[in-house]
Ligand SMILES: [Zn+2]
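Numbering (my numbering), first residue to last: 20 to 456.
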């Protein structure tokens, strides 16, 4: 005991000496590391993530990892580093509201694998990943550790939030309340549940109620309209997949809006179940190949003729084709009806769901479903933040984290221009650079 106290005193004394000895230089080093210096992005088209029309030749001022000002006529503070982005577009870094940050490469240490996957997301412009489902308790603990660290480190990877493992197979309302309490005590960010007739409606109601008592939102995995309707009635906050069995009726659209429930289509999840009947063209797309250091092991497996034969022979493949077409129709109806749509892909779970690349494909599929490029961008930024209840990211506005995606081409003209990545910024620092500046 005595030893420990005296050690603390000595350490504290030494720290004080260091601070008084070179306070100025210590501080400037710390400022540089934390991005305290002021940066101004100038001459840039700003798409702020709210759906408001873009600002042409605008300025975004960044300090201390956050946006301090953004607009057409912004005073640039003296001493700021100006970065001329004339001809470029800046939008918020994207949020995947239904991701999975899971330990998929077992040959690699869990933490290293999770970190490289978060870096992969960031390199494709996805600066936040909401992991709706972990596979083990250790994995959950590691993701929570990464989440807790992310505000303290020099951020070079996507921010992560997690639901812990999806809750299912709970026998009684009491049991599910205890499970939700345990998750809340373990400090998950939200609750995820699977709807597949394995819990009674009362148990789902107790799950939602208990989560809300603990300040957690609930996202539900569904397939059928009646599952989505049942969860809406029970007070769910997020429908985490498309309704894929029939057209959504107006009553459903109205209830989603009235209850302010978010809807995450995950079209690429279904794509991943049908596209490997043959070798997909995107396997040679240079933009896909950027991720090959991580994707490589699965590309090999999915390119195998035997694997592709199994996909073709699986009767489920034809069912999923219908389901994807139905989900695509429903997305258009829900979007037109004014329901809040959020980007989500289910990437990082099973084979061929590419973290980073498939968020970009998802944007294209949402646009093909009939959403405008602006609607798609909002779904990937401001709306995804709102649906995920993440107040500090998702839009370009004073006070928000400076997580930014700078593009060489205007995505309002063609949503595929979100692939023309000039640079990605996390907490005010440029990472994953390509091109000039
Ligand atoms: Zn999922």
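Beta carbons: idealized from backbone N, C-alpha and C, even for Gly. Here the structure is a predicted model, which is why all the values come from computation and not from measurement.
Could you check whether the Cβ of residue 362 sits closer than 7 Å to any heavy atom belonging to ligand 1? no
If we count Cβ pairs, one from each stretch, closer than 8 Å, do we get three or more for the stretch 58-71 versus the stretch 389-400? yes
State the beta-bridge partners of residue 81 as determined by DSSP. 58, 86
Bounding residues of the alpha helix (DSSP H) (the contiguous stretch that carries residue 245): 244-252
Hey, out of 354, 230, 89, 414, whose CA is closest to residue 464's CA? Examination of residue 464 is not possible in this model, given that the chain is present from 20 through 456 alone.
Kindly provide the chain-ordered list of residues whose Cβ lies closer than 7 Å to any non-hydrogen atom of ligand 1. 117, 119, 151, 152, 240, 259, 365, 368
Where does residue 380 land, buried or exposed, given buried means 16+ other C-beta within 10 angstroms? buried
DSSP beta-bridge partners of residue 211: 238
When the Cβ atoms of the stretch 273-286 are set against those of the stretch 310-317, are three or more pairs found closer than 8 Å? no
What three-state label does DSSP hand residue 143 in the structure shown? coil
Applying the 10 Å Cβ sphere with the 16-neighbour rule, what's the burial state of residue 197? exposed
Would you list the one or two residues that DSSP bridges to residue 181? 150
What are the boundary residues of the beta strand (DSSP E) that residue 108 is part of? 108-111
Just the C-alpha distance for residue 240 and residue 247, rounded to the nearest angstrom, thanks. 9 Å
Reduced DSSP category for residue 270 - H, G, I as helix; E, B as strand; rest coil: helix
Closest by CA to residue 249, which one among 161, 214, 228? 214
What first and last residue would you give for the beta strand (DSSP E) that runs through residue 321? Taken as a continuous stretch (DSSP letters only), residue 321 belongs to no beta strand (DSSP E), being part of the alpha helix (DSSP H) at 311-321.
Own chain residues within Cβ distance below 7 Å of residue 255, not counting five before or after: 227, 237, 239, 280
Is residue 144 a contact residue of ligand 2, with contact defined as CB to any heavy atom under 7 Å? The ligand content of the structure shown is limited to ligand 1, which means ligand 2 is not among them.
If you follow the beta strand (DSSP E) that residue 441 is in, where does it begin and where does it stop? 440-445
Is the stretch 320-340 close to the stretch 383-393, with three or more CB pairs under 8 Å? no
Check each candidate in 136, 65, 173 and name the one with the smallest Cα separation from residue 104. 65
Measure the CB-CB distance between residue 109 and residue 423 and report whether it falls below 8 Å. yes
Assess, as a yes-or-no matter, whether the stretch 134-150 is touched by the stretch 108-124 under the definition of 3 or more beta carbon pairs within less than 8 Å. yes
Are the CB atoms of residue 117 and residue 79 within a distance shorter than 8 Å? no
If you count every other CB in all the chains shown that lies within 10 Å of the CB of residue 191, and 16 or more means buried, which is it? exposed
Between 151, 224, 85, which has its C-alpha nearest residue 182's C-alpha? 151
In three-state terms, what does DSSP make of residue 158? helix
Sequence-distant residues of its chain with Cβ nearer than 6 Å to residue 178 (five each side left out): 147, 169
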